[in-house]
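Sequences listed follow chains P and X, in order. Residues 484 to 740 (the working numbering) make up the first sequence, in order. Residues 484 to 740 (the working numbering) make up the second sequence, in order. What follows is a set of notes on a single structure, which appears directly below.
There are 2 protein chains.
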Amino acid sequence: MATNDPYPGAQAVTRAIGLLKAFTDAQPEWGLGELAQAAGLNKTTTFRLLAALESEGLIARNPQTDAYRLGPEAIVLGGRALRANGLRAVSRAELEALAQETGETATLEVLTDSDALILDEVLSRHMIGGTPSIGTRWPAHTTSTGKAILAALPDDLLNAALPRRLPTPTDKSIADRETLRAEVAKVRRQGYAVASEELEPGFVAIGAPVHDHNGQVIAAISVGGPKNRMPADRIAEIAALVKAAAERISKQLGHKP
Amino acid sequence: MATNDPYPGAQAVTRAIGLLKAFTDAQPEWGLGELAQAAGLNKTTTFRLLAALESEGLIARNPQTDAYRLGPEAIVLGGRALRANGLRAVSRAELEALAQETGETATLEVLTDSDALILDEVLSRHMIGGTPSIGTRWPAHTTSTGKAILAALPDDLLNAALPRRLPTPTDKSIADRETLRAEVAKVRRQGYAVASEELEPGFVAIGAPVHDHNGQVIAAISVGGPKNRMPADRIAEIAALVKAAAERISKQLGHKP
DNA sequence: AATATGGATTTCATATAATGAAATGAAATT
DNA sequence: AATTTCATTTCATTATATGAAATCCATATT
């Protein structure tokens, strides 16, 4: 999860961030005691850190229950981090076009540590009213975008990006490096990656890499939807669209093929 | 900006968050020295705090220039904060319908301190490829949503929510409490608020309040677009749509009118 | 090629600010 | 009314954050 080892000489900061990271989609609210326990901190320390975070707006309290939750400032910082990334501005129109043409959900994702992180998303017309998952992360080797990025990395960086053990959220997930190596070769050959129920049963996506002006991969885009709308011939068709869109984005970023 | 006074006994945390908040849309990247100066901190301290934030992923470095910027974890936390707010899930479909019917941009916003914070946004069909502003904040009294929320607040909370001096981003912005009082009365009478070039020249929006099951305002939704597409009769028409949508959302939240 | 310049890091002695055990307070629950 | 379960405050102790100065490093400049 951490990019590096915790930096010494800033214990309180590291602990405070640890507390922030405890607020997940699965458990978005915590009481003081349970959070202290989960974070391995003294209750007093936890209280003091949370109070500091709250006074800065990163933490808020449920007005009914007094439970701790993430605060509005987290949303503000997240928005700024997102907008600071020029990629989004460049790729937005392509994502919209892809979602329009295919009727499915299109995403822009980058690699962080060993996860694919969703930076932008245009929802499928079948998901009217659905909640976008911007800011969500999944193990890279289980996603089409993650595999597209990994495959476009030089081997040393690819190995560095892989976790010690490959998580397998479904029984179709790639479970070992041998299989992954073969898949990477295939993705390199094709120029796109398909993840068929490797992240979630019933979900299929197709991803292609985006390159910057130095020729390095910096992101990937994808189109995905339920398996029943993704027969082999349609996958091939979508793959061509996704690949072409990714190449146009790369070109806008100054990439010379 | 801060919800409360800085909490003592967590200096390092408060300072670290101060650093994070220095990364804005206007200045998304900083060198160590200038950031230390801007934050009023010693360079060594700044370095150490940034290193801690970086190792946790909240700060990243521009690979070309080494400049500091917000990191991927900021996006992750922002996404979680957003999804923790059930409001978004409930209102999403209504925003999409409003954007569809009017062709303009629809937003969901809440009040933080004295600002209206954008929680969700469906872009106008005139802005294909535009970048959504989720996580952006504006002075509440200059926005339609902000005024809708302020007007729906009891007087004591309304006063508490106003800053000492009212910022005036344009010459049409409400500049004094007297004028605001009259405007609030009007908004209460109408059940919706119009902000005509009060935030930005050429931009007009119409907002209506959303209430929870206790009858308290918790948010507002809006539809907005350029002044030239917003003649008086169309404003009235859109106001009716926005108000009805806000009422449907409130009803879903258990509000009994 | 050698040197200067403007950064970013590291070092280290010091004292301040963070720590946690225990006491207290405030709500729920019995 | 008593009990339990939390959150919050107090306070003495020391671990931890601090900043001045030294060093390193990359990039201009001569």
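We put the beta carbon where it would ideally sit given N, CA and C, even for glycine. Only a predicted model underlies this, so the values are computations on that prediction, with no experimental measurement involved.
query, result
"Assigned secondary structure, Ser574/P (DSSP; H/G/I helix, E/B strand, else coil)", "helix"
"Integer Cβ distance of Thr619/P from Ile632/P, believed to fall under 8 Å", "Between Ile632/P and Thr619/P the Cβ distance is about 16 Å, and since that is not below 8 Å, they are no contact."
"Where Pro552/P meets chain X, residues with beta-carbon distance less than 7 Å", "Position check: residue 552/P holds Arg in this sequence, whereas Pro was assumed. The contacting residues are Ala567."
"Whole-number beta carbon distance between Thr588/P and Ala580/P, since they are thought to touch under 8 Å", "About 13 Å; that fails the 8 Å criterion."
"Candidates Leu594/X, Ile617/X, Gly562/X and Gly613/X, of which the one nearest Leu645/X by Cα", "Leu594/X"
"Interface positions of the segment 620-635 of chain X facing chain P (Cβ-Cβ less than 9 Å), listed along the chain", "Arg620"
"Residues of its chain near Ile542/X, where Cβ-Cβ distance is below 6 Å and the 5 sequence neighbours each way are ignored", "Leu533, Leu536, Tyr551 and Gly554"
"Of the listed residues Ala567/X, Leu591/X and Gly569/X, nearest to Leu578/X (C-alpha basis)", "Leu591/X"
"Proximal residues of chain P, C-beta to C-beta of Leu600/X below 8 Å", "Pro555, Ile558 and Val559"
"Neighbour-count burial assignment, Pro511/X, 16 or more Cβ in a 10 Å radius", "buried"
"Residue-chain proximity (Glu539/X, chain P), Cβ-Cβ < 8 Å", "yes"
"Stretch pair the segment 728-735 of chain X + the segment 656-671 of chain X: three plus CB contacts closer than 8 Å", "no"
"Same chain, Cβ closer than 6 Å to Ala688/P, neighbours up to 5 away in sequence not counted", "Ser627, Ala678, Ser705 and Gly707"
"Range of the contiguous beta strand (DSSP E) that encloses Ser656/P", "Segment: none, Ser656/P is in no beta strand (DSSP E) and carries neither H nor E."
"Beta-bridge pairing of Ser679/P - partner residues as DSSP gives them", "Val687/P"
"Own chain partners of Leu641/P with C-beta closer than 6 Å, once the 5 adjacent residues on each side are dropped", "Leu633"
"CB contact check: Ala485/P to chain X, cutoff 8 Å", "Since pLDDT at Ala485/P reaches only 41, below the 50 mark, its modelled position is unreliable, and the value read off the structure follows with that caveat. Taking Cβ atoms only, chain X reaches closer than 8 Å to Ala485/P, which makes this a yes."
"Same chain, Cβ closer than 6 Å to Lys630/P, five either side skipped, listed in chain order", "Val670 and Ala676"
"Gly690/X, buried or exposed, once every other Cβ within 10 Å from all chains shown has been counted against 16", "buried"
"Exposure label - Arg563/X; buried when at least 16 CB within 10 Å", "buried"
"8 Å Cβ cutoff, Leu663/P in contact with chain X", "no"
"Distance, Thr625/X Cα to Ala702/X Cα", "16 Å"
"Endpoints, the beta strand (DSSP E) within which Arg544/X is located", "Ile542 to Arg544"
"Cα-Cα separation, Glu681/P to Thr497/X", "42 Å"
"Spatial neighbours of Ala518/P in its chain, beta-carbon cut-off 7 Å, leaving aside the 5 residues before and after", "Reading off the sequence, residue 518/P comes out as Leu, not Ala. Answer for Leu518/P: Leu502, Ala505, Thr529 and Tyr551, listed in chain order."
"Cα-Cα separation, Gly737/P to Gln699/P", "11 Å"
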